[in-house]
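Before any comments, here is the structure.
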Amino acid sequence: MKTINGDKWQVASLRHAPARQAGDKAPNGAREACSRHVSRVTCHAMAFTLIELLTVISIIAMLAAFTIPVLKGIKRQQYLRSAQAEMEQIETAIERYKAAYGFYPPDNPCDPRVNQLYFELLGTAVITNGTVLTYQSLDDPTIQIAIPTPTQNDFKNVFGSDAGGNNCVNGFMNCTKPGAGEDTRPAQNFLPGLKPDQVTVFTNNFPGNQLPIKLLVVSVGGPDFAYSPLGTGAQGINPWRYNSSNPTNNPGSYDLWVQLAISGKTNLICNWSKQVQLNNTLP
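As numbered in my numbering, residues 198 to 480 make up the sequence shown, in order.
Pasting the structure below:
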């Protein structure tokens with residue numbers, strides 16, 4: 198038989214080789230030929246053509262186009278549910294406050310964003326700081342605001358003044374005062390279990406003010422980083438808005454709300470509607 202080195206001839210010649218009996222060993226040439234033949238087929242099966250690659254990429258792109266909006270929608274619902282749960286927590290505290298004092302916590306009629314809910318719901322104590330009487334937070338003793346005097350008016354610097362120059366906020370009702378009688382109610386914490394990300398330190402940018410206070414905020418933040426309801430120097434601080442002096446949505450009660458900026462749209466979470474409102478004009 199003629200011997201040819203090419204794979205094709207060797208494989209063809211093997212087709213006409215006599216059948217081997219059980220136990221016989223294949224000739225060396227046959228083994229090498231089969232090995233080379235299988236290797237070539239295997240390599241061909243592992244390769245991808247340009248059309249196949251483009252098809253795979255197109256499929257991945259289509260899956261991403263469907264998946265990304267779904268994930269964004271899920272994240273938005275997580276933000277909304279978190280804010281709604283925290284609003285219910287604050288509502289419960291406000292109702293406990295009213296049950297104890299007979300009225301709702303006072304607000305800041307000049308600005309519902311910079312309100313005194315933190316101080317009213319968590320309590321304060323009047324202490325003597327030198328010759329100055331000062332409100333001290335029971336939750337954080339480092340937060341102190343001096344009681345207004347003719348020469349010192351921290352409340353005006355922190356909470357602002359109205360058009361006539363009068364203080365928007367003059368003090369706190371949920372307060373323990375020194376020398377008070379036994380029939381005087383001591384301050385108490387109506388909002389236990391408050392998490393660290395539900396409160397923040399804030400310094401208003403009024404001229405001459407360097408006094409920090411604390412505000413109740415929504416834990417998810419803006420959540421859009423560009424959303425800054427308290428000004429450009431307060432990114433990530435998104436306070437609960439509160440109005441008890443003149444509530445327009447809950448007459449005789451109070452309005453409590455927050456705006457969440459998600460993907461460039463504001464989402465209003467409020468205590469007068471269970472429906473989330475998009476791009477509402479409230480602050």
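Every residue gets a Cβ at the ideal spot worked out from N, C-alpha and C, and that includes glycine. Just so it is clear, the structure is predicted and the values come from calculations on it, not from any experiment.
Within 10 angstroms of its Cβ, does A360 collect 16 or more other Cβ (buried), or is it exposed? Position 163 of the sequence shown, counted from the start, is the residue given in the question as residue 360. Exposed is the call here.
Simplified DSSP state of I459, which is helix, strand or coil: One-based indexing of the sequence shown puts residue 459 at position 262. Strand.
Tell me, which residues are paired with T331 by DSSP? Residue numbering aside, residue 331 sits at position 134 when the sequence shown is read from its first letter. Per DSSP, I324 and A343.
Does the distance from the CB of N371 to the CB of E292 come in under 8 Å? For the purposes of this step, residue 371 is taken as residue 174 along the sequence shown, with counting starting at 1. For the purposes of this step, residue 292 is taken as residue 95 along the sequence shown, with counting starting at 1. Taking 8 Å as the Cβ cut-off, N371 and E292 do not qualify as a contacting pair.
Cβ of I459 versus every heavy atom of the ligand COA: is any distance shorter than 7 Å? As far as ligands go, the structure on display features none, and thus does not contain the ligand COA.
Please work out which residues of its chain come closer than 7 Å, Cβ to Cβ, to V238, disregarding the five sequence neighbours upstream and downstream, and give them in chain order. Within the sequence shown, numbered from 1, the residue matching residue 238 stands at position 41. Annotation note: pLDDT 48 at V238 (below 50); position unreliable, coordinate value reported separately. Answer for V238: no residue qualifies.
Report the rounded CA-to-CA distance for E283 versus Y439, giving the unit in angstroms. By 1-based counting over the sequence shown, the position of residue 283 is 86. By 1-based counting over the sequence shown, the position of residue 439 is 242. Their Cα atoms are separated by approximately 14 Å.
Can you give me the C-alpha to C-alpha distance between A258 and I248, rounded to a whole angstrom? Sequence index remark: in the sequence shown, residue 258 carries index 61 (1-based). Sequence index remark: in the sequence shown, residue 248 carries index 51 (1-based). Cα to Cα, A258 sits roughly 15 Å from I248.
Go to K411, then tell me how far its beta strand (DSSP E) extends in each direction, as first and last residue. In the sequence shown, residue 411 corresponds to position 214, counting from 1. If you look at K411, you'll find it in the beta strand (DSSP E) that goes I410 to L413.
Buried or exposed for I254, please, with buried defined as at least 16 other CB atoms from any protein chain shown within 10 angstroms of its CB. The sequence position of residue 254 within the sequence shown is 57, counting from 1. Exposed, by the Cβ-count rule.
Is it right to say T478 is buried, meaning 16 or more other beta carbons lie within 10 angstroms of its own, or is it exposed? Along the sequence shown, one-based indexing puts residue 478 at 281. So T478 ends up on the exposed side.
Distance between beta carbons of I459 and S420, contact taken as under 8 Å: Position 223 of the sequence shown, counted from the first residue, corresponds to residue 420. Position 262 of the sequence shown, counted from the first residue, corresponds to residue 459. Note on identity: in this sequence residue 420 is Pro, with Ser being the wrong assignment. Yes, they are in contact, since the Cβ atoms of P420 and I459 sit about 6 Å apart, within 8 Å.
In the DSSP output, which residue or residues are listed as bridge partners for C372? By 1-based counting over the sequence shown, the position of residue 372 is 175. T321, per the DSSP bridge assignment.
If you reduce the DSSP assignment to three classes, tell me which class T200 lands in. Taking the first residue of the sequence shown as 1, we reach residue 200 at position 3. Caution applies to T200, whose pLDDT of 49 falls short of 50 and renders its modelled position unreliable; the value that the coordinates give is listed next. The answer is coil: DSSP assigns T200 none of H, G, I, E or B.
Per the contact definition of three or more C-beta pairs closer than 8 Å, is the stretch 399 to 414 in contact with the stretch 329 to 344? yes
S450 beta carbon less than 8 Å from that of P303: Residue numbering aside, residue 303 sits at position 106 when the sequence shown is read from its first letter. Residue numbering aside, residue 450 sits at position 253 when the sequence shown is read from its first letter. Not in contact: P303 and S450 (Cβ atoms no closer than 8 Å).
Span separating the alpha-carbon of L475 from that of Q274: Position 278 of the sequence shown holds residue 475. Position 77 of the sequence shown holds residue 274. L475 and Q274: Cα-Cα distance of roughly 14 Å.
What is the DSSP secondary structure of A384, reduced to helix, strand or coil? Stepping through the sequence shown from its first residue, residue 384 is reached at position 187. Three-state DSSP puts A384 in coil, outside helix and strand.
Please state the DSSP three-state secondary structure of R228. Indexing the sequence shown from 1 puts residue 228 at position 31. Its pLDDT being 48, under 50, R228 is placed unreliably by the model, and the measurement read from it follows with that caveat. Note: R228 maps to helix in three-state DSSP.
Please state whether the Cβ-Cβ distance between P436 and V417 is less than 8 Å. As a first step, residue 436 is located in the sequence shown; it is residue number 239 there, counting from the start. As a first step, residue 417 is located in the sequence shown; it is residue number 220 there, counting from the start. Contact: no.
Measuring straight from C-alpha to C-alpha, what distance separates G320 and L277? By 1-based counting over the sequence shown, the position of residue 320 is 123. By 1-based counting over the sequence shown, the position of residue 277 is 80. Roughly 28 Å between the two C-alpha positions.
By the 10 Å Cβ neighbour count, where 16 or more other Cβ atoms means buried, how is R228 classified, buried or exposed? Numbered from its first residue, the sequence shown carries residue 228 at position 31. For R228, the predicted structure reports a pLDDT of 48, less than 50, and the residue's modelled location is therefore unreliable. A value from the coordinates is still provided. R228 should be labelled exposed.
Leaving out five residues before and five after D452 in sequence, what residues of the same chain have Cβ atoms less than 6 Å from its Cβ? If you number the sequence shown from 1, residue 452 lands on position 255. For D452, where only same-chain residues beyond five positions count, the Cβ hits under 6 Å are N440, P444 and N446.
Please classify K353: is it buried, with 16 or more other beta-carbons within 10 angstroms of its beta-carbon, or exposed? The count along the sequence shown starts at 1 and reaches residue 353 at position 156. When all chains shown are included, K353 counts as buried.
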